[in-house]
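Participant: In my numbering, the protein residues as written are 109 to 244.
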């Protein structure tokens, strides 16, 4: 399904490809509809399972983000990615999260942001990765 203003399908924006192992935490009810049919051979696991290529977190509070970002960082593979989605201000969803808050918490967890995207009219997303110099 095409989302946002770019006309790019959400799963392409998020980098979903065949063979990815991932986890989705706290998605909005319509998330799977936004995502559309998944590419073949994608495996979704609980975050706690670890060994993940890809994690997509939805958060509305700093407290939830602080816990989730540290756990997700511990559960991804060195070349994995964490997408953190937060409500846009225009969506009027109660939240104390901003893009800058996510960046600050990411840096504290040895993560850097490399991409931003629109998930839908309510949610934005910021892609975080482990810096190359910290990958083992």
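C-beta atoms are modelled at their ideal positions from N, C-alpha and C, and glycine is treated no differently.
Express the C-alpha separation of residue 192 and residue 230 in angstroms, rounding to a whole number.
Facilitator: On the chain shown, position 122 is the one that residue 230 refers to. On the chain shown, position 84 is the one that residue 192 refers to. Using only the alpha carbons, I get a separation of about 13 Å.
Participant: In three-state terms, what does DSSP make of residue 243?
Facilitator: Counting from 1 along the chain shown, the entry for residue 243 is found at position 135. Coil.
Participant: For residue 149, does the count of other Cβ atoms within 10 angstroms reach 16, so buried, or fall short, so exposed?
Facilitator: Counting from one through the chain shown, the residue named residue 149 turns up at place 41. Answer is exposed; the Cβ neighbour count stays below 16.
Participant: In three-state terms, what does DSSP make of residue 132?
Facilitator: Stepping through the chain shown from its first residue, residue 132 is reached at position 24. Reduced to three states, the DSSP call for residue 132 is strand.
Participant: What is the DSSP secondary structure of residue 208, reduced to helix, strand or coil?
Facilitator: Here residue 208 refers to the residue found at position 100 when the chain shown is read from its first residue. Helix.
Participant: State the beta-bridge partners of residue 192 as determined by DSSP.
Facilitator: Residue numbering aside, residue 192 sits at position 84 when the chain shown is read from its first letter. Partner(s): 165, 234.
Participant: How would you call residue 194, buried or exposed, if buried means at least 16 neighbouring beta carbons within 10 angstroms?
Facilitator: Along the chain shown, one-based indexing puts residue 194 at 86. Residue 194 should be labelled buried.
Participant: Does any residue of chain D have a CB that is nearer than 9 Å to the CB of residue 127?
Facilitator: Included in the structure is just one protein chain, with no chain D present.
Participant: Taking all protein chains shown into account, do 16 or more other C-beta atoms lie within 10 angstroms of the C-beta of residue 121, making it buried, or fewer, making it exposed?
Facilitator: One-based indexing of the chain shown puts residue 121 at position 13. Buried.
Participant: Could you check the C-alpha separation between residue 123 and residue 212 for me, to the nearest Å?
Facilitator: Counting from one through the chain shown, the residue named residue 123 turns up at place 15. Counting from one through the chain shown, the residue named residue 212 turns up at place 104. Whole-angstrom Cα-Cα distance: 23 Å.
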